[in-house]
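To convert, count from 1 in the sequence shown and add 15; that's the numbering used here.
Built from N, CA and C at the ideal position, the CB exists for glycine as well.
Just below is one structure, and these are the notes that go with it.
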Amino acid sequence: MHRFQINSYPAYQKAYKRSIEEPEAFWDEIASSFVWRKKWTKTLEWDFTKPEVKWFQGGQLNITENCLDRHLEKRANQTALIFEPNNPNDAAQYFTYKALHSKVCQFANVLKANNVKKGDRVCIYMPMVPELTFAVLACARIGAVHSVVFAGFSAAALSARINDAACKVLLTADGGFRGDKITPLKSIADDALKTCPSIEKTIVLNRTNSEVIMQANQVWWHEELSKVDDNCPVEIMDAEDMLFILYTSGSTGKPKGMVHTCGGYMVYTAYTFRNVFQYRSSRAVTLGREATRAGGPDVYWCTADIGWITGHSYIVYGPLANGATTVMFEGVPSYPDYGRFWEICEKHKVNQFYTAPTAIRALAKHPINLAENYNLKHLKTLGTVGEPINDEAWNWYNDYVGKGKCPIVDTWWQTETGGIMISSLAGVTRSKATYATLPLPGIQPVLLDENGEEIVGNPAQGILAIKFPWPSIARTIYGNHERYKNVYFSAYKGKYFPGDGALRDEVGDYRITGRVDDVIIVSGHNLGTAPIENAINEHEAVVESAVVGFPHDIKGNALYAYVILYDGYTASDELLQSIRQKVADTIGPIAKPDKIQFTQGLPKTRSGKIMRRILRKIAHNDTTNLGDTSTLLNPEVVQSIIDDAI
Ligand code: WTA
């Protein structure tokens, strides 16, 4: 068995207890199973009031040596990465550890040849193709900081992210396949680049054979590759050197570039991957009384996009640090039909499958249950992430995909936490519909009341906070440590505040109840209300707007925008579409409101603050108890909004 695999409930309890009582000794031991060029001298230094967290100080390593080189001795010919293309008629691609190592080294040399140096930021705006994985790891290999921007973001969103981190190089592709569409990534990138003075070079992958116009300082990926070899020694990094920046929406202001560092991130993602999914490097097959090893390593598939943290931690780094076989999928669950996920599970004999509630709901709602048409017998673990999973979706997943035999791990975590925080360990700790259940070893959650007092005892409900650091906590917001402090460490002194509410039942299992701030999760994507309102307000016809969420069968939440128009503009379908387009252009198609209601006014407090609580209730079609509206500046507007509600 693997050194840090927890394989029984008592073993979990023991690990958890030790992680609380002796956190440094606990993580020391786990960290020791990796390759370090120099051992750390101080395991942990922390102060949540500054805030400052440092793990494994003095230690030196390279994460790609742990994800690639160290596996070459035993696993050179094991498949590391399986690429399943958008079109099911195109061949899947298989990369062994040896091949992946070579690809990463080669592209690392391309980056070097294009003047990328340790510490430089590289923006990656790419479709879900193997080259994206090579590029991410190539950056890590030479100590460049990757900033992956999801390929569904608009030119304006891309440009803002490039500029925030002053990226030096942009990696993109001519286009990306998604179902029956091609996203014109290169032309979106060119639009973005009009306002990105820091970019010195753009390297373009040919993926879709789309026609693109290459401009000055833009080069083709394949041409650059032909100039280099695959010999690239690792850059030695300090444990606390930056590994990557990944942007996440805040409830206000511009996106936050969360900074993750090399050592702690590696240790925590590897540890949690192994334990939550119960990944096995070799499948134990019981023959008579002897357990024999047979059948090779498990095949693990996470359906996320590498543009999000789930893809970073649980497609790339966590699995590869464990020498696992990880699948990446270019397409969408509905192409060519709603059976695609299950077809892929059957084809690649997937053992662990990790997806989002929104995908489960979309598949469950489909009139024909396509999961029945495929052989899913290899599945052992099912996972979910991104938002609370409702009972119905959980049960469908359990009944039709897991056939009642696969434990479901409902994993609660965030871009900021780097790795899974609260979740069951598949088959090891109990799994319970709609509950993330128990904290992982090293994680100390608490529930707080409105006054910030810890609620002791069970059951309890309140605001979720974490009172002790774990190795993969984000260290700062790139270029804005003050904001990092304000958003996460100021609401409740001395504690990390994730922005979620939770309840704890009689036996201490956690259930995440949802955001307690103005972040709305739509199809698993975090969207801040303020940036969307700003985008709407930029429309020439709009005076002001307010955006709230409302429940949606498949997306979980959808966006409801209340919009005040300037005199001279009248509500029309055309205007509505152009406002939605404005949001798509500014942020991305995922942020387009489902409903737009034109209104004469918005309910405001006397200090001028929009009363979202009222708007939320109206959007939820629940106007029975709006509370006291008499203190509003403009109480009369409420009834007219109710009358016109969609
Ligand atoms: C929500 C995704 C309930 C939560 C890894 C969190 C969840 C935000 C769950 C982070 C879950 C994520 N149950 N809610 N299992 N997982 N969330 O940064 O509100 O994209 O704060 O990270 O998603 O989203 P992010």
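- Secondary structure at V563: strand, using DSSP grouped into helix, strand and coil.
- In this structure, the beta-carbon distance from I157 to V184 does not fall below 8 Å.
- Rounded to the nearest angstrom, the gap between the Cα atoms of K362 and N541 is 32 Å.
- In the three-state DSSP reduction, W323 falls in the coil class, being neither helix nor strand.
- Placement of the Cβ of V400 at a distance of less than 7 Å from at least one heavy atom of the ligand WTA is found.
- One Cα belongs to A91, the other to V151, and the distance between them is close to 20 Å.
- Excluding five sequence positions before and after F512, the CB atoms of its chain that fall closer than 6 Å to its own CB belong to A480, Y503 and A506, given in chain order.
- The ligand WTA approaches I527 closely enough that one of its heavy atoms is under 7 Å from the residue's Cβ.
- Between T79 and M141, the C-beta spacing is not below 8 Å.
- DSSP, read as helix, strand or coil, puts Q612 in strand.
- Around the C-beta of V50, fewer than 16 other C-beta atoms lie within 10 Å, and the residue is accordingly described as exposed.
- Counting only runs of at least 4 residues, the segment 100-152 fully encloses the following alpha helix (DSSP H) elements, listed from N- to C-terminal order: 112-128.
- Annotation note: the segment 315-365 contains the following uninterrupted beta strand (DSSP E) runs of length 3 or greater, listed N- to C-terminal: 340-344.
- Judged by beta-carbon spacing, G401 lies within the 8 Å limit of P372, meaning their Cβ atoms are closer than that value.
- Taking C-beta atoms as the reference points, L397 and W357 fail to come closer than 8 Å.
- As for any beta strand (DSSP E) of minimum length 3 sitting wholly inside the segment 546-595, the runs are 557-567 and 571-580, ordered along the chain.
- In the structure shown, the three-state DSSP call for D244 is coil.
- Between the C-alpha atoms of C138 and S202 there is a straight-line separation of about 16 Å.
- Under the Cβ criterion (8 Å, minimum of three pairs), the segment 155-175 counts as touching the segment 248-268.
- In terms of CA proximity to A114, L87 leads the group S560, I321 and L87.
- Annotation: the continuous alpha helix (DSSP H) that includes G279 extends over C277 to F292.
- For W427 against Y283, the beta-carbon gap comes to about 15 Å, at or over 8 Å, which does not count as contact.
- In the DSSP assignment, P25 falls within the unbroken alpha helix (DSSP H) covering Y24 to E36.
- For Y525, the secondary structure class from DSSP, reduced to helix, strand or coil, is strand.
- The C-alpha of S438 lies about 50 Å from the C-alpha of T585.
- By the criterion of a C-beta distance shorter than 8 Å, S23 is surrounded in its chain by V443, once the five residues flanking it on both sides are discounted.
- In this structure T528 is not in contact with P608, their Cβ atoms being roughly 24 Å apart against a cut-off of 8 Å.
- Sixteen is the threshold: since fewer than 16 other Cβ atoms of the shown chains lie within 10 Å of the Cβ of P474, the residue is exposed.
- Between P456 and M436, the beta carbon gap of about 11 Å keeps them out of contact (Cβ cut-off 8 Å).
- The three-state reading of DSSP puts H540 in strand, counting E and B together.
- Annotation: P145 to V558 spans about 45 Å, alpha carbon to alpha carbon.
- Within 7 Å of the C-beta of R530 there is at least one heavy atom belonging to the ligand WTA.
- Here the distance from the Cβ of P513 to the nearest heavy atom of the ligand WTA is below 7 Å.
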